[in-house]
Amino acid sequence: MKHPTPSANQFAMRALRWVVMLLAFSVVGTFAAERASLPRVYDASRSERQLVSGTELAQRLPFERNKIEPIDPKAAFVEGYQAYKHRDLIATIGRMQFAASRLPDLADYALFYLASAERDNGDSQAAANDFRRLMLSYPQSVWSDDAGLEYARLELKLGHPDYAITAATRVADSTNNPVIEQYARLTIAYALLATNSWHDAYNQAQMIRQKFPTGPADPPARQLAYATLQAHPQVLSAPPLEYHRAEAALLLREGQAKAALGQIQAAMALQPSRPIQAELTWFSAEASRGQPDRMKVELPLYLELAPRGAEAARALNGLAHLYWHENDTQTARLYFRRLPREFPHDELARAAMFEIGRTYEEDGNLQSARKAYLDLVGRYPGTEEAADGRFRAGFMLYMLGRYKQAAAEFNESRAHAATSSARDMFTYWQARALENSGAKVESRRLFESLALSTSSNYYPALAALRINQTANVLPAAFAADLMAGAVPAANGPVQFHLTRIEALRGLGLRELEAPELRATENHIGGNNSLQKFVLAELQSAGAWFDAIQMAIRMAARGEIGPATAERIRYPRGFWDLVAAASGRNQLDPYMVTALIRQESLFNPQARSTSDARGLMQLLPATANRYAAAAGITASAIDLYDPNISIQLGTAYLRALMGMFGGDIFKVVAAYNGGEHSVSQWNARYPGDNDQWVENIGFRETRDYVKKVIGGM
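Residue numbers (my numbering): 3 to 714.
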């Protein structure tokens, strides 16, 4: 009998299933390696299933070293944890089976590492059983969410998509962790595909894309959505034009400019109305970032289609900056001037008036720049831009060498300053102007007074340097360090976490304490002594980012004094790593620490919208460029590893030191704003470092340098 030939749709469905399974398993492996945290799941329908005991599983493994020996369960746990870190999976399984049954204070941890090792060793059924044991037996565990997600994924892998959907849905709906929610919803989408629920799978993938457009689960969700749509066009209910518009907007949010342009062209081909053409033209301009010639076509076209449109002010601002970037300051000013004239109430109007002044500065026309700043102060008084304009109006006098007039204006402006740090700034430049005018005695008096200020860091430090005086010691230096002491006892759910903190501390595994301490904070209520214990223990555990965040919250509620909070906000985090790497690269470790604080606030998992990663916020390309100098192979680069990040970051800083003659002002500016920009500012603004910093073209970099130098 001749078998029928499969149709094109059948081939597409089969191909989609293979793609889905390959995607699912690759994402599972990636996420499992990351070991993020996830939510509790209870599946009542599975109660009849038999779990395999740890002893039975141990007996199945034909390895001598996996046999359970009569050892101390605490030692077994530590050995199992170290074995897992070194990827000795069989040793992990043996030790953690024993610890799970004999060490109740850490049984949930033992089950997590046991199940993880079983999963990594290819025993999916045993891993699913043990992840399920963890979430059912210890729903309050910090590992319960992880266990729920891993259980769902393993059930999908084992061919039980219905179980996977139930478990992953509960995870997605209950977790507070956005990364876990993404992966849980992705698991749901894969499981729905496995049950031929194409429409629901597509919607789930789209939900991930819309809610987490730059998240780690976004690329596989987008791939899944497109594969499903190609195989099953009927899942799309929106009209073609509506779909292309929405998809273009979503792709722009995802950073997929090229793909967005394809959707824009498809929408334009449908001959939409003028307002929709304007919207699509704006999308096209957004997708053309980095292509100035194309943007100079799209932005005027948008203004022609919608001269008072929702994005008209941004279009004018974009054109002004395009021409300014090409050093055509005259054309840039034409567009900047249209903003306060045509959109006086838009915040970009104030910014445009300030930028007009900066363009005149670049032209060397400081008198016109001063007039532009004074116009800004007069038109938009009380705004942040006016405050900046007031300073630069006086600073233009200083740059013109009119020091007496500058000193008088800085003195007058200090009275209008809204913050104590701004007053310090005006005081410093008044003193500098007096110094240059020959009024040395009055200048020194101001420097001496400013050096004692504790209202800010940067200008008092500069003042102290001008007169060779030690800067005033901040009150935080005298604040006593919080000491954790013994782990306290408490009533209610919090005791579960305190018990684990004490157990981990007793085993010397403080590196694992941070999740328990965060969970403890959630149950503290008004117990101030317990709050202070958690705050102190976070620091002892090296969880600097968590400690800083908690100190900020407590200070805002008046639960710790400002000096104590300030001391915690400026820690010597990761000091051993920083000191060693700084020594190797001939750097000031306090500069490196101040830079880390400004880059990531000591958060090893920090990631920026530009894809800078880790403590020192390095881009992958920069990391690869300096890997050899740091003695790190390309395959070993993990920018979320504090040690790797610090080694690479300090190697980069050493290179910058060579480029800029050891000038830390220029080095710090280059770390943030780029080497090319610093070279341009050097050519344009020669002079003392304090004056050079005020002339940095990027406000973000200017403020960054002040915070890093002031934080040393």
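No residue lacks a Cβ here, since even glycine has one placed at the ideal position from N, Cα and C.
Top-ranked residue by Cα proximity to residue i, from the options
i       : options                            : result
Ile-570 : Val-536, Met-593, Gln-206, Leu-579 : Val-536
Asp-548 : Ala-608, Phe-214, Ser-139, Tyr-706 : Ala-608
Tyr-673 : Phe-428, Gly-440, Ala-636, Leu-620 : Leu-620
Asn-131 : Asp-220, Pro-688, Tyr-153, Leu-231 : Tyr-153
Ile-210 : Ala-203, Asp-202, Ala-353, Ala-223 : Ala-223
Leu-436 : Arg-425, Leu-467, Ala-419, Gly-403 : Gly-403
Met-137 : Gly-150, Asn-587, Ala-128, Asp-125 : Gly-150
Glu-677 : Gly-689, Ala-516, Pro-75, Gly-660  : Gly-660
Asp-690 : Phe-79, Ala-268, Phe-449, Arg-468  : Arg-468
Ser-370 : Leu-399, Glu-344, Ala-119, Gln-232 : Leu-399
Arg-716 : Asn-205, Ile-526, Ala-395, Gly-384 : One cannot answer for residue 716 here, as it falls past the ends of the chain, which runs 3 to 714.
Asp-125 : Ser-146, Leu-160, Phe-662          : Leu-160
Pro-141 : Arg-343, Arg-172, Asp-330, Phe-449 : Arg-172
Val-237 : Asn-198, Phe-100, Gln-649, Phe-338 : Asn-198
Ala-203 : Ile-190, Met-355, Arg-310          : Ile-190
Residue i versus residue j - alpha carbon distance
i       : j       : result
Ala-417 : Tyr-430 : 14 Å
Leu-641 : Ser-542 : 23 Å
Gly-616 : Gln-497 : 33 Å
Tyr-111 : Ala-102 : 8 Å
Ala-289 : Glu-300 : 10 Å
Ala-271 : Ala-196 : 36 Å
Ile-634 : Arg-627 : 11 Å
Met-714 : Ser-679 : 24 Å
Tyr-592 : Pro-218 : 34 Å
Phe-412 : Glu-313 : 38 Å
Ala-374 : Pro-606 : 43 Å
Arg-291 : Arg-134 : 48 Å
His-499 : Asn-524 : 11 Å
Asn-367 : Tyr-654 : 37 Å
Gln-258 : Ile-167 : 30 Å
Ala-334 : Glu-244 : 36 Å
DSSP state of residue i mapped onto helix, strand, coil
i       : result
Leu-724 : Here the chain has residues from 3 to 714 only, and residue 724 is not among them.
Arg-609 : strand
Arg-615 : strand
Ser-55  : Model confidence at Ser-55 stands at a pLDDT of 44, short of 50, so the residue's coordinates are unreliable; what they give is reported in the following sentence. It is coil, neither helix nor strand.
Tyr-140 : coil
Thr-168 : helix
Arg-89  : coil
Leu-40  : Bear in mind that the predicted position of Leu-40 carries a pLDDT of just 33, short of 50, making it unreliable; the figure below should be weighed with that in mind. Residue state, collapsed to three classes: coil.
Ile-554 : helix
Phe-114 : helix
Trp-145 : coil
Glu-561 : coil
Glu-328 : coil
Thr-703 : helix
Met-714 : coil
Ala-271 : coil
Asp-122 : helix
Gly-98  : Note on residue identity: the sequence assigns Met, not Gly, to residue 98. Helix.
Asp-426 : helix
Ile-698 : coil
Chain D contact for residue i (CB, 9 Å cutoff)
i       : result
Ala-623 : Absent from the structure is chain D; it holds one protein chain and no more.
Residue i, buried or exposed, once every other Cβ within 10 Å from all chains shown has been counted against 16
i       : result
Leu-454 : exposed
Asp-295 : exposed
Pro-462 : buried
Ser-47  : Per-residue confidence for Ser-47 stands at a pLDDT of 35, beneath the threshold of 50, marking its modelled position as unreliable; the derived number appears in the next sentence. The residue in question, Ser-47, is exposed, as its Cβ has fewer than 16 Cβ neighbours within 10 Å.
Asp-45  : With a pLDDT of 36 at Asp-45, under the threshold of 50, the modelled position of that residue is not reliable, and the figure given next carries that caveat. Buried, since its Cβ has 16 or more Cβ neighbours within 10 Å.
Trp-577 : exposed
Val-443 : exposed
Asn-470 : exposed
Asn-319 : buried
Ser-286 : buried
Neighbourhood of residue i by C-beta distance below 6 Å, restricted to the same chain and skipping five residues each side
i       : result
Met-556 : Ile-562
Val-670 : Val-707, Val-710
Arg-704 : Ile-698
Gln-265 : His-246, Glu-249, Ala-250
Asn-438 : Tyr-405
Lys-668 : Phe-662, Val-680
His-323 : none
Cut-off 8 Å between Cβ atoms - residues of its own chain near residue i, not counting five sequence neighbours on either side
i       : result
Ala-38  : Note that Ala-38 scores 37 on pLDDT, short of 50, meaning its location in the model is unreliable; the coordinates nonetheless yield the value given after this. Asp-148, Asn-179, Val-181, Ile-182, Tyr-185.
Ile-503 : Val-489, Glu-515, Glu-518, Leu-519, Thr-522, Glu-539
Ser-610 : Gln-619
Own chain partners of residue i with C-beta closer than 7 Å, once the 5 adjacent residues on each side are dropped
i       : result
Asp-426 : Leu-452, Ser-455, Ser-457, Ser-458, Tyr-461, Pro-462
Gln-212 : Leu-252
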